[in-house]
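So the structure is just underneath, and the comments pick up after that.
The following block contains the structure:
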C-alpha cells in the first residue's frame, strides 16, 4: 500500500482555507496513486482553537468541511483530525450560565475521521485527553469509548489520536490485541528540544511490544506560544525507523508499506532544532496574523542580536528593522556593536536617542525618581518609542527577553517586555550564547564575549545583581522544569544564599510574566499558556 | 446541633497562615459550644493554587497542616477542604517530561476532610471537577469514587464539594438516597452578578427534591481575577432559606439545626453587589500581595473617576493618589473635573503635563508619527509616567479600562492598559455609568453626563468611532457571555454593519487582552483566566 503522510500547517479557525489545503493534498495523494492519505489531529480547525470551539456555529462549520472531505474521498482512504458533536440536555452544570456558554449540553469528541469512497468508515474518538502543560483538552472534549480496529485494503488498522499512543496499556495496546497490523496515530504534538527522540523511542517500544507497524503523522507550524515540529515517521514491528519526514516543513510524504529497510534516525542537535523551531514560530506568527514586518530594539547586547538574526532567518533582512535607543549611559561600544551587528545581518538600523525624553519625563514629574524606578523609566521610554514606530509602520515588535531574566524579573514591564511575540523567552541565557555561537558568524564575537549589561545605570553588569548565569540557569532549570523545591535545590548542592535569592526573585516577578506576549516554547516547561501560577500567593518554597 | 459556618478568606499558598486561621476558628467554635465547624473547599491552601500544586513539597505541606487540624478536633467535628494524594507509578504519560513535572505519577483528590475527636472520620473526594470558565480542576485532580453518608451525633450526613451540588443526578441525590438527613456542601464558588440567587435557587431545588437540610459554606475573598463572595446559607427540606450569612466578609456564623423559621432572601441589587465584589477584589489584591497604596490616572472621565472612588472605598482615601496627565488636547473641563473629583473623594491629585515629553518623543523619532500611532504615543507616555511614580512610591497602578473598550480594543496597550489590577474591566460602559450613579454623589454629575472621550485628538468622542454604548454593550453581552455568532447577532436584530464592525474590532484586539493585568470578574464570562482565545486565528463568525 502507498500511504501519504500529509504533514500540514493549518491556521486555527481558518476552516475554509484549511479545507482547501486538505483537499489539495488529497488530490496530490490520488495523483501519486496512494491508497491512504493521513492528516494530523484537528487538521480541520487547527490546534488549538481553545474557547473558539464554544463559538456558536464553529463546530457546524467544521462539520461542513468534514462533509466536503468525505465527498473528496472517492478512490482513496482519508484519515483526518476533526470533531464529532453529541448534543444532549442532561448532565453538565446547567444552572450556571458560565458553564452553559462554555458548551455544556454538547459533548465534543476529538476524532480521527476515516473516509473512503465517499463514506465515513469510522469516527475514532480520542480516549486520553491531555490536560497538563499547554494542553487543556478536558476543558473541551469528552473521552471516547473503547478501542476499535478496521479493515482497509487487506490490512487491519488501529487508528488513534495523539495522547492515545503515549499512555501505557492504552488504545495502542488494545488495538494490537484486537489484531491490528498497523497503528496510525494522528497528532498535534508540540516541539521541545529532544521531543523527536522521545517520540521515536516511545513509538519503537510500542511497535516492538505489539508487533505492529506504526505510522505517526504530526502537525507542523507555529501557533502563538507553541510550535508543532512535524517530523512524521514510520516504525517497523521490530522497532526500527522505516521512514522519517523532515521537521519544521509542510509536505505530503509518501511511503510504501512494503518497504522494510531501516533508515537511521536524524542527527540530534538541540540548538539547531530550537533555532529552526523559533524561526518557524516567528514566520508563522507573522503570516497567520497578516503582518510582514518586525522591529527589534538593538542594544548592542547578545539577546537583541540573536532575536534580530533569527528574525532575518525567518522573514528576510528587508522585513526586519533595528532601532538603537541610546541614553547618556549607553557606551560607544554598544553603539558600535549595534551598528556592526545590523550591517552583518543586513538590516536597517536607526538611532533614536532617549536622553531628552528621559529628562523631560523627570522634569514633568513633581518628585524625584531614583534607583530602580529611574532605570525602569529609561526602559519604558524605549518601549514607547519602539511601539510608535511599530504602529506607524504596521510592524510587530519582537521582544528580546530570555528565560533567565524573565524567571528572575530582571526586566522592565512595559519596557523591554513590549512586543507581539517573545522568540527567545524560553532560552536560558547560556542557551542564548550557545545559539549565537552557532549562527555562523552572523553575531559578532565581541557581542558574544562581552559581559551582559542592562545599561540602565553606569557600569552596571548583570552578574553584579544576579548569580553567575551558569549557576542561575542550572537552578532555574530544576526549579521550572522539574518543580524542585527550595529544600531539593539546596540538597542538590546549590548554595543556600543563591537559592533563596533566586526563589525570592522568581516568586515576586510573576506579575510581569502574566503580561508578557506569547513566548515560543522550546523546553518542556515554558512561560506562557503551559504554566499557570497565580500572581497572588504566598508560597515561597 | 450547633454548626459553625466558617466563611474564611485564606491566602493561596500561605499554608501556615491559613492553618492558624483555621485553628483559631475551631477554638472559637468550641468556645461557642458548636458540635461541628465547617470550612470551605481547599481552605488549607486557598483556591486556586493552580500549578503551585505541582511544586514538590506543596501537598506534603498541606498534609502537615491537615494533621494539625486533626489534632485540634478534640470534642468537635471539623469539616475542611484539603487534599489527598495517592502515589502510583503506572498510568499517565510518563514518557513526556512536561507531563511528569506536571504531577503525573500522583493522583490528587480535592477532598472534604472530616475530623472528629482527633480522628479522620472520612475523606470525601470531589466527584465532579469543573473544567470550564475559570476552573481547571481536571488539570490537577482525579475524580473520587461514589457517594457516601456518615453518622455524626445522631444525624446522617452527606458531605460533598462545590460542583458536586450542581450536577443533576449527582452526589447530592445519591447521598439523599443513601439516607442523608443533611447535605453539607463546601465550596469555592466565585462571584458574578446574580450568582447568590442562582445558588439559593439550586439549593432550594436539591433540598426539596431530596427532603434534606442543606448547609452551604462558601469561601470569601479576592484571588487575582476571581472574587469569592461567601454568602453561606442553610436551606430547609421544603426549600426555604433558614439562614443567610452576609456576603463579602469573613466570619464564623453559628446556626442551630433545630431552627425552622424561614428567613427572607437578601434583596437583589446587581450594581451594589458588583461594587462590593470589586472593593473586596481590590483590597485583598493589595493586602495579599503586600502593598498598601495605589495610583490612578485621573482623566476627568467616568472610568477613572469610578476606579478612584472604588479604590477609596477599598483602601481609604489616604492610600489612593491621583495623577492628571494633561496634553495639549486636554480640555480645561477635564482638568476641572479631575480636580473636583479628587476633592470629592478626598484624594491627593498631582498634575503631570505630558506635552513636552510627547514633543521630545516626536523629535527623537526620525519619521513622522501620525494618526493612531500618535494617539497611542500620548497614552504610552502617560503609562510610563504613572509607572515611574508607582515604582518610586512602592504603589500599584489600578487600570481604568472597562469591558466595552477592552472588547473592541478601544485602548492603548502599554498606555491606559498599564497596571497591576483592572477593577472595572468586567463592567460594560453602561454598567460603569450605573455604578457611578449609585455612588451617593461621590462622582460628580457632570462627569456622569458628559460624552466619553479618549482625548487623544481634538474633539474626539468615543461614539464617533464606536457604535452608541447601549447598542455596543447589548451586542457584546450576547457575543461574550452567550457566544452568539455573527448570524445569531444579526438574526437577533442588531444592524448588520454594526455587528460586522464590532466583531472585526473584537477579533483583532485579542493580542491586547492577552497582556492585560488581572481583571476582576463580576459577570459569567470575564476577560482573564476564564476565557482562552488564541491570538493567532482567523475565525471571524
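Protein chains in written order, with this note's numbering: chain A, 187 to 727; chain B, 187 to 727. Note that the Cβ used here is the ideal one computed from N, Cα and C, for glycine as well.
Contact with chain A by residue i, beta-carbon distance below 9 Å
{"i": "residue 475 of chain B", "result": "yes"}
{"i": "residue 685 of chain B", "result": "no"}
{"i": "residue 706 of chain B", "result": "no"}
{"i": "residue 452 of chain B", "result": "no"}
{"i": "residue 539 of chain B", "result": "yes"}
{"i": "residue 525 of chain B", "result": "no"}
{"i": "residue 384 of chain B", "result": "yes"}
{"i": "residue 320 of chain B", "result": "yes"}
{"i": "residue 409 of chain B", "result": "yes"}
Residue i vs residue j beta-carbon contact at 9 Å
{"i": "residue 178 of chain A", "j": "residue 692 of chain A", "result": "Shown here, chain A extends from 187 to 727; a query on residue 178 of chain A therefore has no answer."}
{"i": "residue 231 of chain B", "j": "residue 268 of chain B", "result": "yes"}
{"i": "residue 435 of chain B", "j": "residue 211 of chain B", "result": "no"}
{"i": "residue 483 of chain B", "j": "residue 583 of chain B", "result": "yes"}
{"i": "residue 376 of chain A", "j": "residue 314 of chain A", "result": "no"}
{"i": "residue 312 of chain A", "j": "residue 330 of chain A", "result": "yes"}
{"i": "residue 469 of chain B", "j": "residue 431 of chain B", "result": "no"}
{"i": "residue 507 of chain A", "j": "residue 579 of chain A", "result": "yes"}
{"i": "residue 427 of chain B", "j": "residue 445 of chain B", "result": "no"}
Buried versus exposed call for residue i [16 or more other C-beta atoms within 10 Å across all chains shown]
{"i": "residue 605 of chain B", "result": "buried"}
{"i": "residue 296 of chain B", "result": "buried"}
{"i": "residue 509 of chain A", "result": "buried"}
{"i": "residue 598 of chain A", "result": "buried"}
{"i": "residue 263 of chain A", "result": "buried"}
{"i": "residue 565 of chain B", "result": "buried"}
{"i": "residue 454 of chain A", "result": "exposed"}
{"i": "residue 519 of chain B", "result": "exposed"}
{"i": "residue 644 of chain B", "result": "exposed"}
{"i": "residue 203 of chain A", "result": "exposed"}
Identity of the residue in the options nearest residue i by Cα
{"i": "residue 398 of chain A", "options": "A:418, A:371, A:409 and A:408", "result": "A:371"}
{"i": "residue 525 of chain B", "options": "B:514, B:538 and B:608", "result": "B:538"}
{"i": "residue 463 of chain B", "options": "B:612, B:671 and B:354", "result": "B:612"}
{"i": "residue 739 of chain A", "options": "A:202, A:656, A:642 and A:288", "result": "Nothing about residue 739 of chain A can be read from this structure; chain A reaches only from 187 to 727."}
{"i": "residue 704 of chain B", "options": "A:580, A:432, A:565 and A:720", "result": "A:720"}
{"i": "residue 396 of chain A", "options": "A:379, A:421 and A:412", "result": "A:421"}
{"i": "residue 214 of chain A", "options": "A:437, A:257, A:340 and A:391", "result": "A:437"}
{"i": "residue 347 of chain A", "options": "A:382, A:228 and A:354", "result": "A:228"}
{"i": "residue 352 of chain B", "options": "B:240, B:386 and B:647", "result": "B:386"}
{"i": "residue 530 of chain B", "options": "B:360, B:629 and B:350", "result": "B:629"}
{"i": "residue 686 of chain B", "options": "B:712, B:717, B:727 and B:714", "result": "B:727"}
{"i": "residue 474 of chain A", "options": "A:320, A:410, A:585 and A:354", "result": "A:410"}
Any chain B beta carbon closer than 9 Å to residue i
{"i": "residue 311 of chain A", "result": "no"}
{"i": "residue 713 of chain A", "result": "no"}
{"i": "residue 316 of chain A", "result": "yes"}
{"i": "residue 247 of chain A", "result": "yes"}
{"i": "residue 197 of chain A", "result": "yes"}
{"i": "residue 624 of chain A", "result": "no"}
Per-residue DSSP class, three states only, for residue i
{"i": "residue 719 of chain B", "result": "coil"}
{"i": "residue 548 of chain A", "result": "helix"}
{"i": "residue 388 of chain B", "result": "helix"}
{"i": "residue 595 of chain A", "result": "coil"}
{"i": "residue 429 of chain B", "result": "strand"}
{"i": "residue 337 of chain A", "result": "strand"}
{"i": "residue 458 of chain A", "result": "helix"}
{"i": "residue 217 of chain A", "result": "helix"}
{"i": "residue 479 of chain A", "result": "coil"}
{"i": "residue 420 of chain B", "result": "strand"}
{"i": "residue 710 of chain A", "result": "coil"}
{"i": "residue 510 of chain B", "result": "strand"}
{"i": "residue 557 of chain A", "result": "helix"}
{"i": "residue 270 of chain A", "result": "strand"}
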